[in-house]
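Undergrad: Sharing a structure, written as structure tokens. Questions coming.
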Amino acid sequence: MITAGIDIGSITAKAALIRDGKLAGTSLQFTGYHAAKAGNAVLETLLDRTGIRRDDIDIIVSTGYGRNSVDFADKAVTEITCHGAGAHFIDPEIRFVVDVGGQDSKVIKIDGTGKVIDFAMNDKCAAGTGRFLEVMARALEADLDDFGRISAEADAPAAISSICTVFAESEVISLISRGESRQNMIAGIHESVASRISAMARRVGVTPPVMMTGGVARNQGVVRALESRMDAEIRVSPHAQLNGAIGAALLAARMQ
Amino acid sequence: MADNQKKHDPAKKAPKIQAVSRMKEIMTNYYIDAKTAREQGKKVAWITSGGPVEPLIAMDVIPVYPENHGAMIGASKMGAQLCEKAEEMGYSRDLCSYARADIADSVQKTGPIGGLPEPDMLVCCNNICGTVLKWYETAARYYKVPLFILDTPFVHTEFSDSARKYVLSQIYEYIAFLETHCGTKMNYDRMEEVGRLSVEGTGLWQAVLDTCAHRPAPMTAFDAFFHLALIVTLRGTRTAVDYYRQLLDELNQRIADGVSMVPDEKYRLLWDNLPVWYKTRWLSEKFAAHDAALVADTYTSAWSGMLPDMGGQTFLEAMAETYTKVYINISIDRMFDIVANMIEKYQVDGMVMHSNRSCKPYSLGQYDLRQMIMDRLGVPTLIIEADMVDERAFSESQIDTRIDAFMETLKS
Ligand code: SF4
Numbered sequence: 502m503i504t505a506g507i508d509i510g511s512i513t514a515k516a517a518l519i520r521d522g523k524l525a526g527t528s529l530q531f532t533g534y535h536a537a538k539a540g541n542a543v544l545e546t547l548l549d550r551t552g553i554r555r556d557d558i559d560i561i562v563s564t565g566y567g568r569n570s571v572d573f574a575d576k577a578v579t580e581i582t583c584h585g586a587g588a589h590f591i592d593p594e595i596r597f598v599v600d601v602g603g604q605d606s607k608v609i610k611i612d613g614t615g616k617v618i619d620f621a622m623n624d625k626c627a628a629g630t631g632r633f634l635e636v637m638a639r640a641l642e643a644d645l646d647d648f649g650r651i652s653a654e655a656d657a658p659a660a661i662s663s664i665c666t667v668f669a670e671s672e673v674i675s676l677i678s679r680g681e682s683r684q685n686m687i688a689g690i691h692e693s694v695a696s697r698i699s700a701m702a703r704r705v706g707v708t709p710p711v712m713m714t715g716g717v718a719r720n721q722g723v724v725r726a727l728e729s730r731m732d733a734e735i736r737v738s739p740h741a742q743l744n745g746a747i748g749a750a751l752l753a754a755r756m757q
Numbered sequence: 003m004a005d006n007q008k009k010h011d012p013a014k015k016a017p018k019i020q021a022v023s024r025m026k027e028i029m030t031n032y033y034i035d036a037k038t039a040r041e042q043g044k045k046v047a048w049i050t051s052g053g054p055v056e057p058l059i060a061m062d063v064i065p066v067y068p069e070n071h072g073a074m075i076g077a078s079k080m081g082a083q084l085c086e087k088a089e090e091m092g093y094s095r096d097l098c099s100y101a102r103a104d105i106a107d108s109v110q111k112t113g114p115i116g117g118l119p120e121p122d123m124l125v126c127c128n129n130i131c132g133t134v135l136k137w138y139e140t141a142a143r144y145y146k147v148p149l150f151i152l153d154t155p156f157v158h159t160e161f162s163d164s165a166r167k168y169v170l171s172q173i174y175e176y177i178a179f180l181e182t183h184c185g186t187k188m189n190y191d192r193m194e195e196v197g198r199l200s201v202e203g204t205g206l207w208q209a210v211l212d213t214c215a216h217r218p219a220p221m222t223a224f225d226a227f228f229h230l231a232l233i234v235t236l237r238g239t240r241t242a243v244d245y246y247r248q249l250l251d252e253l254n255q256r257i258a259d260g261v262s263m264v265p266d267e268k269y270r271l272l273w274d275n276l277p278v279w280y281k282t283r284w285l286s287e288k289f290a291a292h293d294a295a296l297v298a299d300t301y302t303s304a305w306s307g308m309l310p311d312m313g314g315q316t317f318l319e320a321m322a323e324t325y326t327k328v329y330i331n332i333s334i335d336r337m338f339d340i341v342a343n344m345i346e347k348y349q350v351d352g353m354v355m356h357s358n359r360s361c362k363p364y365s366l367g368q369y370d371l372r373q374m375i376m377d378r379l380g381v382p383t384l385i386i387e388a389d390m391v392d393e394r395a396f397s398e399s400q401i402d403t404r405i406d407a408f409m410e411t412l413k414s
């Protein structure tokens, strides 16, 4: 049996194919303005890449903020449930998922089968999300991809607000004018993101082992800061950005 | 469109509750009465929703509830505009949206009933929050009318003897205040009669809410939000008693006929905090699409089951206690007991908490309460962030995802 999962996030659209319980392929592209078109395009790319035909797909599940605009999906499931299933598939030991995407962050507690026990989301404010890091990278005229490496050289992370992105940005600008080192500022930015997320995680109650997913998981600086604040080792998913799509494809297989 | 919920099927809609039209008629008459009080030679008092209204009724003063008016503003989706107006006037966005909307409408008079009837006096009871103190002081200055403040101490563990004496002595001051400003003496026989009607009305209201203990529920909390208006505004009158008797009969008939509000009720939820007035329809359809019925809530039950046993006390003595022990004037441990009781009584599968940006006393402690409910009772609990009147604090797609995710966990 072949099933597909399509995850339409605010910034990227992802697709995953599962064939007979194994991951058969994934693809990722920018969502752009048209969520429905992005869903179609990301799936087509994946079909091209894997040589699987559209007719061979038995069931399609959509997820993410754009889940209800994927008109060719058989069912829409929220990213919470999909992330739980996806993390369990990648590593069955996982009991807690931290997903930090472009526009929101969420923490999900799962049981030994990948079923969601509890969750919390931060979707009201850019603080504690990928968007926050992008804003800071712009203020610092730095490349976001270098953030993890640079922050590793910090000696004393600067104190930066985690309440509001706009406040934090002006704090960074005044730190720049005071001559604070880049390393310390970037480390401080990571602490700010981590403090917001770890507070949310503690509210739900951290149950290790913890997996981190979402685009921000690629930033080692945030991962390290989170590990120390959550007091738990974090395993970064090898498919960090694709976890939701993989979970959706798995749930599709269970719908049979 | 792919959807994880059922399509809305109008043919499957439950029949409407007939009493609704009577309720609208009573509320219309009530507001006409209040707006024409001067012509009738009657006085109008503004009073907080948790305030003891019975002495006003006994003195033939028309009680008007700015909070009920705030709810009407919210339900008419006029909240954001009026809140903005209040912010222009210099009030903080952090101020309760009932206060903001009402204060702005006092000046602008463009609300659902063209502004509240002006008060002759104000009665403020701080059993619900501290906001009302400043709000009513503002109103007293604006309308240049006398203000009576009834101070009810917070109930941490129990209603102490000194608290009882303290509140009761103020009840007598309250009556003296009314006598001064009405120019007539209180008729204590009439007072006891109003008290009896109040006990009867609140008892009937509890019975109405209790019909939802039946599976499937003949109405939901969304209906309770609507039918609540009378027990708030006309508590202590024959009208309220008669109305709730009619409503109760109708609901019992629905049970007998097997009529449920949510056609395929599978999940039973408990709601916490005030309604999101401008989104009740959306939320009710959202939950119904998941076959979920909100079978009870902590908010509307705050006006119910008052003094089931007065234990030989006079009504005024009992009143001092009841009004002090309202749901948001008690400790979180007592709140937990009440919630645990409701979870059992209404056979609840999950709880939905509205973290209400406006109402701090209601929302403070919700995360702890949630933890207690999940740990001790194993009942899954969802928190959604919104505001009861200010639509600017509501994000539909985000709340949509949370509710869907929560229902997925309940179903799996
Ligand atoms: S703060 Fe809460 S209790 Fe006080 S007036 Fe506003 S809604 Fe009512």
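Order-wise, the sequence lines are chains F and B. For the first sequence, my numbering begins at 502 and goes up steadily by one. For the second sequence, my numbering begins at 3 and goes up steadily by one. Beta carbons are placed, not taken as given, at the ideal position from N, Cα and C, and that holds for glycine.
#1: Taking 8 Å as the threshold (C-beta atoms), are M731 (chain F) and I690 (chain F) in contact?
#2: For the ligand SF4, any of its heavy atoms closer than 7 Å to the Cβ of L276 (chain B)?
#3: Hey, how far is the Cα of T579 (chain F) from the Cα of V707 (chain F)?
#4: Any heavy atom of the ligand SF4 closer than 7 Å to the beta-carbon of Y136 (chain B)?
#5: Please report the residue range of the alpha helix (DSSP H) in which M221 (chain B) lies.
#6: I'd like to know if Y369 (chain B) contacts chain F, where contact means its C-beta is closer than 8 Å to some C-beta of that chain.
#7: Give the range of the alpha helix (DSSP H) segment to which Q83 (chain B) is assigned.
#8: Identify every residue that forms a DSSP beta bridge with T564 (chain F).
#9: Since I believe M353 (chain B) is in contact with V381 (chain B) (beta carbons under 8 Å), could you give me their beta-carbon distance rounded to a whole number of angstroms?
#10: I want to verify the contact list: residues of chain B whose CB lies under 9 Å from the CB of M622 (chain F), in sequence order.
#11: Can you check whether the CB of V63 (chain B) is closer than 8 Å to the CB of A77 (chain B)?
#12: Let me make sure I understand the geometry here. Which of B:T282, B:Y348, B:K281, B:K288 has the alpha-carbon closest to that of S303 (chain B)?
#13: Within the chosen definition, does the segment 694-713 of chain F reach the segment 646-653 of chain F through at least 3 CB pairs nearer than 8 Å?
#14: May I ask you to check if the CB of I560 (chain F) is nearer than 7 Å to at least one heavy atom of the ligand SF4?
#15: Does the beta carbon of V599 (chain F) sit closer than 8 Å to a beta carbon anywhere in chain B?
#16: What's the C-alpha gap between V22 (chain B) and N720 (chain F)?
#17: If you draw a straight line from the C-alpha of A746 (chain F) to the C-alpha of A215 (chain B), how long is it?
#18: Is the CB-CB distance between I330 (chain B) and P277 (chain B) below 8 Å?
#19: Quick one, what's near the ligand SF4 if you take every residue whose CB is closer than 5 Å to any heavy atom, in chain order?
#20: If I follow the unbroken beta strand (DSSP E) through G43 (chain B), where does it start and stop?
#21: Output the boundary residues of the alpha helix (DSSP H) element that contains P65 (chain B).
#22: Report yes or no: is there a C-beta of chain F within less than 8 Å of the C-beta of E410 (chain B)?
#23: Is there a Cβ of chain B sitting closer than 8 Å to that of V608 (chain F), yes or no?
#24: Rounded to whole angstroms, what's the CA-CA distance from A733 (chain F) to H584 (chain F)? Just pull it up for me.
#25: For chain F, check one thing: does any of its Cβ atoms lie closer than 8 Å to the Cβ of S414 (chain B)?
#26: Please identify the residue among B:A290, B:A178, B:L206, B:K44 whose C-alpha is closest to the C-alpha of P218 (chain B).
#27: Shorter than 8 Å from the beta carbon of D5 (chain B) to some beta carbon of chain F?
#28: Which chain B residues are close to R704 (chain F), counting only those with a beta carbon under 7 Å from its beta carbon?
#29: Counting only C-beta atoms, is C523 (chain F) closer than 8 Å to chain B at any point?
#30: Using DSSP bridges, identify the partner residues of K523 (chain F).
#31: In this structure, does DSSP put L366 (chain B) in helix, strand or coil?
#32: In the DSSP assignment, the beta strand (DSSP E) including R143 (chain B) goes from what residue to what residue?
#33: DSSP has G680 (chain F) in a bridge; who is on the other side?
#34: Can you list the residues of chain F that E393 (chain B) reaches, using a CB-CB cut of under 8 Å?
#35: So that I know if they touch, is there some Cβ in chain F lying closer than 8 Å to that of E287 (chain B)?
#36: Helix, strand or coil: how does DSSP classify F156 (chain B) here?
TA: Working from what's here:
#1: The count along the first sequence starts at 1 and reaches residue 690 (chain F) at position 189. The count along the first sequence starts at 1 and reaches residue 731 (chain F) at position 230. Against a cut-off of 8 Å, the Cβ pair of M731 (chain F) and I690 (chain F) comes out as no contact.
#2: Taking the first residue of the second sequence as 1, we reach residue 276 (chain B) at position 274. L276 (chain B): yes, Cβ under 7 Å from the ligand SF4.
#3: Translated into the one-based positions of the first sequence, residue 579 (chain F) becomes position 78. Translated into the one-based positions of the first sequence, residue 707 (chain F) becomes position 206. Cα to Cα, the separation comes out at about 21 Å.
#4: The residue labelled residue 136 (chain B) in the question sits at position 134 within the second sequence. This sequence places Lys at residue 136 (chain B); Tyr is not what is there. Because no heavy atom of the ligand SF4 lies under 7 Å away, the Cβ of K136 (chain B) does not count as near it: no.
#5: Along the second sequence, read from residue 1 onward, the residue named residue 221 (chain B) stands at position 219. It is not in any alpha helix (DSSP H) - M221 (chain B) carries neither H nor E in the DSSP assignment.
#6: The count along the second sequence starts at 1 and reaches residue 369 (chain B) at position 367. Interface residue, yes.
#7: By 1-based counting over the second sequence, the position of residue 83 (chain B) is 81. Unbroken alpha helix (DSSP H) run through Q83 (chain B): 81-90.
#8: Along the first sequence, read from residue 1 onward, the residue named residue 564 (chain F) stands at position 63. According to DSSP, which records beta bridges pairwise, T564 (chain F) is partnered with F:D508.
#9: The residue you call residue 381 (chain B) lines up with position 379 of the second sequence. The residue you call residue 353 (chain B) lines up with position 351 of the second sequence. Sure, about 6 Å apart at Cβ, within 8 Å.
#10: Taking the first residue of the first sequence as position 1, residue 622 (chain F) is located at position 121. Those within 9 Å of M622 (chain F) in chain B are Q400, T403, R404, A407.
#11: Translated into positions along the second sequence, residue 77 (chain B) becomes position 75. Translated into positions along the second sequence, residue 63 (chain B) becomes position 61. No.
#12: As a working mapping, residue 303 (chain B) is identified with position 301 in the second sequence. Closest by alpha carbon: B:Y348.
#13: no
#14: As a first step, residue 560 (chain F) must be located in the first sequence, where it is residue number 59. Result no, Cβ not under 7 Å from the ligand SF4.
#15: The sequence position of residue 599 (chain F) within the first sequence is 98, counting from 1. V599 (chain F) does not count as touching chain B.
#16: Numbered from 1 along the second sequence, position 20 holds the residue referred to as residue 22 (chain B). Numbered from 1 along the first sequence, position 219 holds the residue referred to as residue 720 (chain F). Whole-angstrom Cα-Cα distance: 57 Å.
#17: Here residue 746 (chain F) refers to the residue found at position 245 of the first sequence. Here residue 215 (chain B) refers to the residue found at position 213 of the second sequence. Our two residues, A746 (chain F) and A215 (chain B), have alpha carbons roughly 41 Å apart in a direct line.
#18: Within the second sequence, the letter at position 328 stands for residue 330 (chain B). Within the second sequence, the letter at position 275 stands for residue 277 (chain B). The Cβ atoms of I330 (chain B) and P277 (chain B) do not sit closer than 8 Å to each other.
#19: B:C98, B:Y100, B:I130, B:C131, B:T133, B:C361
#20: In the second sequence, counting from the first residue as 1, residue 43 (chain B) sits at position 41. Premise fails: G43 (chain B) is in no beta strand (DSSP E) and is neither H nor E.
#21: To locate residue 65 (chain B), count along the second sequence from 1; it is residue 63. That residue, P65 (chain B), is in no alpha helix (DSSP H); its beta strand (DSSP E) goes 64-66.
#22: Your numbering for residue 410 (chain B) matches position 408 in the second sequence. By this cut-off, E410 (chain B) is an interface position.
#23: The residue you call residue 608 (chain F) lines up with position 107 of the first sequence. Answer no: the Cβ-Cβ gap between V608 (chain F) and chain B never drops below 8 Å.
#24: Translated into positions along the first sequence, residue 733 (chain F) becomes position 232. Translated into positions along the first sequence, residue 584 (chain F) becomes position 83. Near 19 Å, if we compare the C-alpha coordinates of H584 (chain F) and A733 (chain F).
#25: Within the second sequence, residue 414 (chain B) is the residue found at index 412, counting from 1. It does: the Cβ of S414 (chain B) has a partner Cβ on chain F nearer than 8 Å.
#26: Here residue 218 (chain B) refers to the residue found at position 216 of the second sequence. Among B:A290, B:A178, B:L206, B:K44, the Cα nearest to that of P218 (chain B) belongs to B:A290.
#27: By 1-based counting over the second sequence, the position of residue 5 (chain B) is 3. The predicted model places D5 (chain B) with a pLDDT of 49, which falls under 50 and marks its position as unreliable, so this point remains unresolved.
#28: Reading the first sequence from its first residue, position 203 is the one you call residue 704 (chain F). The contacting residues are Y369.
#29: The residue labelled residue 523 (chain F) in the question sits at position 22 within the first sequence. Here residue 523 (chain F) turns out to be Lys, not Cys, going by the sequence shown. It does not: the Cβ of K523 (chain F) has no partner Cβ on chain B nearer than 8 Å.
#30: Residue mapping note: residue 523 (chain F) aligns to position 22 of the first sequence, counting from 1. K523 (chain F) pairs with F:R520.
#31: Position 364 of the second sequence, counted from the start, is the residue given in the question as residue 366 (chain B). Three-state result, L366 (chain B): coil.
#32: By one-based count along the second sequence, residue 143 (chain B) stands at place 141. That residue, R143 (chain B), is in no beta strand (DSSP E); its alpha helix (DSSP H) goes 133-145.
#33: The residue labelled residue 680 (chain F) in the question sits at position 179 within the first sequence. According to DSSP, G680 (chain F) bridges with nothing at all.
#34: Numbered from 1 along the second sequence, position 391 holds the residue referred to as residue 393 (chain B). By Cβ distance, chain F contributes nothing, its closest Cβ being about 15 Å from E393 (chain B), past 8 Å.
#35: Within the second sequence, residue 287 (chain B) is the residue found at index 285, counting from 1. Output row for E287 (chain B): interface = no.
#36: The count along the second sequence starts at 1 and reaches residue 156 (chain B) at position 154. Here F156 (chain B) sits in coil by DSSP.
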